[in-house]
Amino acid sequence: MRLAFTIRRYNPELDTDPHDETYRLDVARGTTVLDALLRIKNEQDGRLTFRYSCRSAICGSCSMTINGGEKLACRTSVRKEWAQHGGITVEPLRNLPVLKDLSVDMGSFWGKVRAIEPWLRDNDRQPAAAVTMVVGGSRFHNVDACIMCGACVAACTVHEVDKGFLGPAALAKAYRFVADTRESGLARTDRLAVLQGPAGMWDCTRCNFCVEVCPKDVQPMEAIIRLRRESIEAGYDDTGGARHIVGFRDLVARFGRLNEALMPLKVIGWSLRKFLRVLPLGIRMLLKGKVPNPLHKPIGDPRSIRDLLKR
Amino acid sequence: MTLRYALYPGCAAKVATPELFQSTMAVIGRLGIEVTELTASSCCGAGVVGEADPDGALALSARTFAQAERLGRDIMTICGTCQGVMGGANRKLKSDPALLVRVNRLLQPEGLAYRGTVQVKHLLWIVVREVGLDKLTDEVQVTLGDLKIAPFYGCYMLRPSGDLGFDDPEHPDSLDKVIRAVGAEPVDYGGKIKCCGFPIILEKEDIALAMNGANLKEAKDGGADAMVTPCPLCHMSLDIYQERAGRKIGANLNLPVLHLPQMLGLAMGIPAEDLGVQRHLVSVDPFLEKMEERKIERNKEKGQL
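Chains as they are written, first to last, in our numbering: chain A, 484 to 794; chain B, 332 to 636.
This is the structure in structure tokens:
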């Protein structure tokens, strides 16, 4: 089967802008995108640059954008892509600086993983003393399966607009250590405290892109949600994000439905500056009939819903 | 054939975007859909309750499913977020018998139990799969002609695709097809599958506006005369916060944003005010004027013939 591959090319020493080039290749059943790239490099254009190593979906080196989605080239079937999309386009990971062709600079990615201190430590930031732990089950909720391929960060919609955001991979890794019982309780709360700030766990919008693209089913967003839950339970409940969750649950418990008149007040807390920020929109919504009576009647029997959420 | 559903309105359509409920009720009869509203249903939890209390959030959904089960009907949602949350909850409850038992225990005091027989479907999916695009096209009275409408799917309608199983999460086309079926042209742009920023808009407004503004601008640059979304939370972000998003990214956006049933209703010739478009913060008038111009041109053509 002879197929066309459209590949995004960019050599910063020669090109002002990235451009696409098309290569035609006879491919046999079972060919992966990485196989095809290697053949194109060997048979047609030796300058084509991409990163790869294990060819077995273990090293995480060959993640790239294939037909618009972040995938590992080594485990992406050419035929399946062709059948689903009617063509094959290969581009570098999005939202990371391109070094050359399909290779991106992973420096910021590694910097963020290092920033969460991905090793067992005690509360004085020293490595923890050796304590054994019974391993198994779903203690880390599959976060330890992460191969650091960067697909989740490339796809993250918050990272796209805020490159400082720690991002799904690093936050999921942070959760893995928060969930590790070999660290002391103090080390754990220290980790949670650090992640309350800007660019931390509360910046995630729950868009689910990271869950969708992860080749190892790590579900980074679920790990971020667990970090948030752990934070609230540990008493870090004064961020806008924590107030949003606790306030939302309280309103649903009280009224059965979300009371959208009171919700903003729950999130902004007692900040006059934030109140004045929300007020003009509130007034405009009121004039358009979009603000409910804040004291509206609960739906059905509110006790039943309160009981569901009271624990 | 009449399609019968239990309508789960969700919170937004009852409160902050009442025009969604109004326009839904205005169009479903024409599509052969008959609904009984689940008036005693609660909030679905919107993915927020589950952050603090996963079982409690599942119980909210299970309670609604049990109510629909009593009616012997599947559920129709009109909110993308409700669809994503409840669809995900339904999959979990159906695939894990022990979880279903645990959650049903929470419902016991109210005398409810969910047996796992209900399906949850968004209006968009019902229109595409069950009503059929031909039937929709038959109902179109006003051809939108060359007007370009940008689809905005919303995260919860697409991801995680394993829970939803309707559209291709990278290249969805259901909403594009509906735009074509009502005679308009869909705008193809990368932002159509991205996030509107709504879940963090109150606490992280700068980030949310940057996301929101980028999507609106991309649609506008693609020639969109309007945007359409199946999710009222996206609508709130894209409409209510649009002016701020424009200021944030330094662009004049001014792009009317329609709820899915509003677009259907306009194409069916239902008066705009009966679809609640006057409640939007970004005026829909420029879009309505373009529709009117096309009507006049068409009448002129007919006159010449």
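Using N, Cα and C, we set each Cβ at its ideal position, and we do this for glycine too.
To the nearest angstrom, how far is it from the Cα of residue 641 of chain A to the Cα of residue 726 of chain A?
Their backbone Cα atoms lie some 20 Å apart in a straight line.
Is there contact here, the region 448-463 of chain B with the region 571-581 of chain B, by at least three beta-carbon pairs under 8 Å?
At 8 Å Cβ cutoff, the stretches do not touch.
Which residues DSSP lists as bridging residue 508 of chain A, in chain order
Its beta-bridge partners are A/486.
Cβ of residue 773 of chain A within 8 Å of any chain B Cβ
Yes - at least one Cβ of chain B is within 8 Å of the one on residue 773 of chain A.
Please work out which residues of its chain come closer than 7 Å, Cβ to Cβ, to residue 476 of chain B, disregarding the five sequence neighbours upstream and downstream, and give them in chain order.
Around residue 476 of chain B: 514, 625.
Give me the Cβ distance between residue 657 of chain A and residue 603 of chain A, rounded to the nearest whole Å; I'm assuming they're in contact under 8 Å.
Not really, about 13 Å apart at Cβ, beyond 8 Å.
In angstroms, rounded to a whole number, what distance separates the CA positions of residue 763 of chain A and residue 775 of chain A?
Computed Cα separation, rounded: 16 Å.
Is DSSP giving residue 631 of chain A helix, strand or coil here?
Under the three-state reduction of DSSP, residue 631 of chain A is assigned to coil, being neither helix nor strand.
Going by Cα to Cα distance, which pick from A/696, A/714, A/532, A/645 is closest to residue 682 of chain A?
Checked all of A/696, A/714, A/532, A/645; the closest Cα to residue 682 of chain A is A/645.
Quick check on this structure: which residue in A/738, A/734, A/739 has the alpha carbon closest to the alpha carbon of residue 747 of chain A?
For the residues A/738, A/734, A/739, the minimum Cα distance to residue 747 of chain A belongs to A/734.
Partner residues on chain B for residue 788 of chain A, Cβ-Cβ distance less than 8 Å
Correct list: 373, 391, 394.
Spell out a yes or no on whether the region 375-392 of chain B and the region 590-607 of chain B are touching, meaning 3 or more CB-CB pairs, one atom from each, closer than 8 Å.
For the pair of segments examined, the region 375-392 of chain B was found not to touch the region 590-607 of chain B: the number of CB pairs separated by less than 8 Å stays below three.
Under a Cβ-count criterion, where at least 16 other Cβ atoms within 10 Å of its own Cβ denotes burial, should residue 398 of chain B be classed as buried or exposed?
It counts as buried.
Assign residue 605 of chain A to one of three DSSP states: helix, strand, or coil.
Correct three-state label for residue 605 of chain A: coil.
Determine the contact status of residue 437 of chain B and residue 444 of chain B, defining contact as a CB-CB distance below 8 Å.
Against a cut-off of 8 Å, the Cβ pair of residue 444 of chain B and residue 437 of chain B comes out as no contact.
Buried or exposed by the 16-neighbour rule on C-beta atoms within 10 Å, applied to residue 593 of chain B:
Its Cβ being crowded by 16 or more others within 10 Å, residue 593 of chain B is buried.
Cβ contact (3+ pairs, closer than 8 Å) linking the region 467-482 of chain B and the region 551-570 of chain B:
A contact between stretches requires three or more CB pairs, one per stretch, nearer than 8 Å, and the region 467-482 of chain B meets this requirement with the region 551-570 of chain B.
Tell me the start and end of each unbroken alpha helix (DSSP H) in the region 498-583 of chain A that is at least 4 residues and wholly inside, in chain order.
As far as the region 498-583 of chain A is concerned, its whole alpha helix (DSSP H) runs of at least 4 residues are 516-526, 561-568.
Any chain B beta carbon closer than 8 Å to residue 649 of chain A
So no, residue 649 of chain A is outside the interface.
Just verifying my parser: in three-state terms, what is the DSSP assignment at residue 503 of chain B?
Note: residue 503 of chain B maps to coil in three-state DSSP.
Express the C-alpha separation of residue 757 of chain A and residue 527 of chain A in angstroms, rounding to a whole number.
About 59 Å.
Quick check on residue 615 of chain A: buried or exposed, where buried means 16 or more other Cβ atoms within 10 Å of its Cβ?
Label assigned to residue 615 of chain A: exposed.
Can residue 638 of chain A and residue 692 of chain A be called in contact, C-beta distance under 8 Å?
Cβ distance < 8 Å, so residue 638 of chain A and residue 692 of chain A count as in contact.
Applying the 10 Å Cβ sphere with the 16-neighbour rule, what's the burial state of residue 535 of chain B?
Residue 535 of chain B counts as buried, since no fewer than 16 other beta carbons sit within 10 angstroms of its beta carbon.
Using 8 Å as the threshold, is the region 509-516 of chain A in touch with the region 550-560 of chain A, meaning 3 or more CB pairs across them?
Yes, the region 509-516 of chain A is in contact with the region 550-560 of chain A.
Mapping DSSP to helix, strand and coil, what is residue 395 of chain B?
Note: residue 395 of chain B maps to helix in three-state DSSP.
Along the chain, where does the alpha helix (DSSP H) that runs through residue 658 of chain A open and close?
Residues 650-661.
May I ask you to verify whether the region 671-682 of chain A touches the region 703-723 of chain A, counting CB pairs closer than 8 Å and requiring at least 3?
Contact between the region 671-682 of chain A and the region 703-723 of chain A is present, because at least three Cβ pairs lie under 8 Å.
Does any C-beta atom of chain B lie closer than 8 Å to the C-beta of residue 690 of chain A?
So yes, residue 690 of chain A belongs to the interface.
Contact with chain A by residue 553 of chain B, beta-carbon distance below 8 Å:
Answer no: the Cβ-Cβ gap between residue 553 of chain B and chain A never drops below 8 Å.
Can you check which of these residues, A/506, A/586, A/579, A/494, is closest to residue 486 of chain A by C-alpha distance?
Comparing alpha-carbon positions, the option among A/506, A/586, A/579, A/494 lying closest to residue 486 of chain A turns out to be A/506.
One question on the structure: do residue 413 of chain B and residue 341 of chain B come within less than 8 Å of each other, judged by their Cβ atoms?
Yes, they are a contact pair.
Around the Cβ of residue 628 of chain A, are there at least 16 other Cβ atoms within 10 angstroms (buried) or fewer (exposed)?
Classification of residue 628 of chain A: exposed, given that the 10 Å Cβ count is below 16.
Can you give the Cα-Cα distance for residue 642 of chain B and residue 491 of chain A, rounded to whole angstroms?
Limits of chain B in this structure are 332 at one end and 636 at the other, which puts residue 642 of chain B out of reach.
Quick test of your reading: residue 373 of chain B and residue 788 of chain A, contact by CB under 8 Å. State the CB separation rounded to the nearest angstrom.
With 8 Å as the limit, residue 373 of chain B and residue 788 of chain A qualify as a contact, their Cβ atoms being about 5 Å apart.
Taking the beta strand (DSSP E) that residue 365 of chain B belongs to, which residues open and close that run?
In this chain, the beta strand (DSSP E) harbouring residue 365 of chain B covers 364-368.
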